[in-house]
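For reference, the structure is listed below as structure tokens.
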Amino acid sequence: MSDDWQPGPDNPPWRALGGTEAVKALAERFYDAMERTEPALAALHKRDAQGKVDRGSRERFGLFLVGWLGGPQDYMAQYGHPRLRMRHAHVPIDSKMRDAWLRSMAIALDETGVTGSLRAFLDARFAQVADFLRNVPDEEQEEQAAG
Ligand code: HEM
Numbered sequence: 001m002s003d004d005w006q007p008g009p010d011n012p013p014w015r016a017l018g019g020t021e022a023v024k025a026l027a028e029r030f031y032d033a034m035e036r037t038e039p040a041l042a043a044l045h046k047r048d049a050q051g052k053v054d055r056g057s058r059e060r061f062g063l064f065l066v067g068w069l070g071g072p073q074d075y076m077a078q079y080g081h082p083r084l085r086m087r088h089a090h091v092p093i094d095s096k097m098r099d100a101w102l103r104s105m106a107i108a109l110d111e112t113g114v115t116g117s118l119r120a121f122l123d124a125r126f127a128q129v130a131d132f133l134r135n136v137p138d139e140e141q142e143e144q145a146a147g
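Residue numbers are given in the numbering used here: position 106 of the sequence shown equals residue 106, and the series is strictly consecutive.
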């Protein structure tokens, strides 16, 4: 998908990915991948009786991605500014959790067939935000450093 894609006001990632339904499908694949492959990360999320990440959370994340990737700003209209650091303050995020999140997103992007310049752009943006959300030190590394 989109080897020669370039970001711009008329060509946001939301459009290049195929629009709102495609972006919402990416969010669903992301949580499905997380449930299958990253149990520790999935366990931090609200889940239903079947152990699936809660439907409401899936839908809010999908709506957030639509706006964050340059589509309609319905998330903002309904829930206000995402304030991502604040909304993750109660979730302990170290570099292992960051990487688990990014691996889940990489699977979802692989399954969606996102490659080329669009993929490079999205990988970089997700990596940037996920790193910015780290809010606890990496204990193991600190212990190693302390000998
Ligand atoms: C870095 C690792 C990350 C972890 C461990 C993580 C974990 C979580 C958890 C546990 C929740 C649910 C919070 C709750 O139930 O109260 C959540 C919600 C959310 N996360 Fe993350 N997250 C991460 C990265 C990201 C990134 C990179 C983004 C955006 C690109 C993001 C966007 C969101 C949004 C928008 C919600 C709110 C969904 C809602 O309204 O229910 N998260 N995250």
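In this text, a Cβ means the ideal position worked out from N, Cα and C, and glycines have one as well.
Does any heavy atom of the ligand HEM sit closer than 8 angstroms to the C-beta of residue i?
i	result
H81	no
A100	yes
M76	no
K46	yes
A130	yes
G56	yes
L26	no
I93	yes
Leaving out five residues before and five after residue i in sequence, what residues of the same chain have Cβ atoms less than 8 angstroms from its Cβ?
i	result
P72	T20 and V66
L109	L26, R119, L122 and D123
N11	W5
I'd like to confirm the pairing. Which residues does DSSP put opposite residue i in its beta bridges?
i	result
V53	R47
For residue i, name the three-state secondary structure that DSSP assigns.
i	result
D131	helix
V114	coil
Q4	Checking the sequence, you will find Asp at residue 4 rather than Gln. Here D4 sits in coil by DSSP.
D123	helix
E38	coil
R83	coil
Using C-beta distances below 6 angstroms, list every residue in its chain close to residue i, excluding the 5 sequence neighbours before and after it, in chain order.
i	result
A42	M34 and E35
Can you list, in chain order, the residues of its chain whose CB lies under 7 angstroms from that of residue i, leaving out five sequence neighbours each side?
i	result
L44	V91
Discussion item. Taking 8 angstroms as the cut-off, does the segment 49 to 69 touch the segment 14 to 25 (at least 3 CB pairs, one atom from each stretch)?
Written reply: The segment 14 to 25 vs the segment 49 to 69: in contact.
Worksheet item: At a cut of 8 angstroms, does the segment 30 to 48 reach the segment 87 to 107 through at least three beta carbon pairs?
Response: Proximity of the segment 30 to 48 to the segment 87 to 107 meets the contact definition, three or more beta-carbon pairs being nearer than 8 angstroms.
Worksheet item: Is it true that the segment 125 to 134 meets the segment 46 to 59, where meeting means three or more beta-carbon pairs spaced less than 8 angstroms apart?
Response: With a cut-off of 8 angstroms, the segment 46 to 59 and the segment 125 to 134 do not count as touching, because too few Cβ pairs lie within range.
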